[in-house]
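Residue numbers (the numbering used here): 124 to 380.
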Ligand SMILES: [Ca+2]
Ligand SMILES: [Ca+2]
Ligand SMILES: [Ca+2]
């Protein structure tokens, strides 16, 4: 990896670390393209490139670091294709719940123009189109300027990113008609995720439930006490009645003699 590229990765890591995330969160960045500034440096917005000179080699993602152009080149035959990314980002892993995602794209000498020949420029992640607003942030000036766009993705993308695979597709992203050549350095996804919360413990009995249970026990005890007392009274009454009956019988026998 070249020294400038190392510096770029270090800066990206520092930026990721500066994001306002909670403890335990993890941030990763995955690339389509090699983040080497069109193979010849030229990273920052405001720098210029020669869009006619391709720096692509066998290691570059398809259609990056190479000369691209509009579908319709006016009176001049198109000497290069437009940008049509296919495939996907490298497989990655997240910590669980995705809480933030940012799409970054670096293009040089790109003129999105008011009326691209092949319709609106569009990128599609896992089948979901990035809002058209993304491309409005690119310059519409017909210059060789390098422009980097960072776009925070809406939350509906988060579930698509959590599985660690993201397919990439797009329309034929092209310069405005007769706007000359342009190049794409890279597209990047920066994803912040957080571990899922630990499983909840079995909740202890609520105080009110404990109190009701205790009251129930007390009530049963209180009910049992009168029942025993009534049974004892009935037994005593029955014994007394039997004794009286025997005494009366003896009195009648004695009176009859
Ligand atoms: Ca390259
Ligand atoms: Ca996915
Ligand atoms: Ca590149």
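Heads up, the beta-carbon is just placed ideally off N, CA and C, and yes, glycines get one too.
Just to confirm before moving on: does the CB-CB distance between residue i and residue j stay below 7 Å?
i: residue 261; j: residue 235; result: yes
i: residue 283; j: residue 314; result: no
i: residue 291; j: residue 153; result: no
i: residue 287; j: residue 216; result: yes
i: residue 240; j: residue 193; result: yes
i: residue 289; j: residue 212; result: yes
i: residue 206; j: residue 186; result: yes
i: residue 293; j: residue 251; result: no
i: residue 87; j: residue 219; result: Outside the shown range of the chain (124 to 380) lies residue 87, about which nothing can therefore be said.
Is it the case that the CB of residue i approaches a heavy atom of ligand 1 more closely than 6 Å?
i: residue 255; result: no
i: residue 159; result: yes
i: residue 162; result: yes
i: residue 173; result: no
i: residue 286; result: no
i: residue 76; result: Here the chain covers residues 124 to 380 and nothing more, so residue 76 does not appear.
i: residue 241; result: no
i: residue 234; result: no
i: residue 183; result: yes
Take residue i and list the residues in its own chain whose beta-carbon comes closer than 7 Å to its own, dropping the five residues that flank it on each side.
i: residue 190; result: 174, 175, 177, 203, 304, 306
i: residue 161; result: 172, 178, 188, 231, 306, 308
i: residue 249; result: 283, 289, 290
i: residue 363; result: none
i: residue 135; result: Unreliable positioning characterises residue 135 in this predicted model, as indicated by a pLDDT of 49, which lies under 50. The coordinate reading is nonetheless provided below. If we look at residue 135 and ignore the five residues flanking it on each side, its Cβ neighbours are 152.
i: residue 225; result: 273, 274, 275, 276, 313
With a CB to CB cut of under 8 Å and the five nearest residues on each side skipped, what residues in its chain are close to residue i?
i: residue 373; result: none
i: residue 138; result: Here residue 138 scores only 45 on pLDDT, less than 50, and its place in the model is too uncertain to base an answer on.
i: residue 302; result: 193, 234, 236, 265
i: residue 268; result: 168, 169, 170, 171, 231, 232, 262
i: residue 369; result: none
i: residue 345; result: Low confidence applies to residue 345: its pLDDT is 48, below 50, so where it sits in the model is not reliable enough to give any reading.
i: residue 183; result: 156, 157, 162, 189
i: residue 201; result: 192, 193, 194, 195
At what residues does the beta strand (DSSP E) containing residue i begin and finish?
i: residue 306; result: 304-317
i: residue 150; result: 149-156
i: residue 227; result: 220-231
i: residue 264; result: Where residue 264 is concerned, there is no enclosing beta strand (DSSP E), given that its DSSP letter is neither H nor E.
i: residue 292; result: 291-293
i: residue 275; result: 269-275
i: residue 163; result: Counting along the chain, residue 163 falls outside any beta strand (DSSP E), and DSSP gives it neither H nor E.
i: residue 247; result: 246-248
Is any non-hydrogen atom of ligand 3 found closer than 6 Å to the C-beta of residue i, if you look at the structure I gave you?
i: residue 156; result: yes
i: residue 188; result: yes
i: residue 180; result: no
i: residue 309; result: yes
By the DSSP assignment, the alpha helix (DSSP H) with residue i in it spans what residues?
i: residue 283; result: 281-284
i: residue 121; result: Nothing about residue 121 can be read from this structure; the chain reaches only from 124 to 380.
i: residue 256; result: 256-259
Enumerate in chain order the residues of its own chain whose CB-to-CB distance from residue i is below 6 Å, with the five nearest sequence positions on each side excluded.
i: residue 222; result: 315, 317
i: residue 148; result: 315, 317
i: residue 387; result: Because the chain here runs from 124 to 380, residue 387 falls outside it and cannot be looked at.
Quick one: measure Cβ to Cβ for residue i and residue j, integer angstroms, because I've assumed they're closer than 8 Å.
i: residue 156; j: residue 310; result: 6 Å
i: residue 255; j: residue 243; result: 6 Å
i: residue 273; j: residue 209; result: Incorrect: roughly 23 Å between the Cβ atoms, too far for contact.
At a cut-off of 6 Å, would you count residue i as near ligand 2, judging by its Cβ distance to the nearest heavy atom?
i: residue 249; result: yes
i: residue 283; result: yes
i: residue 289; result: yes
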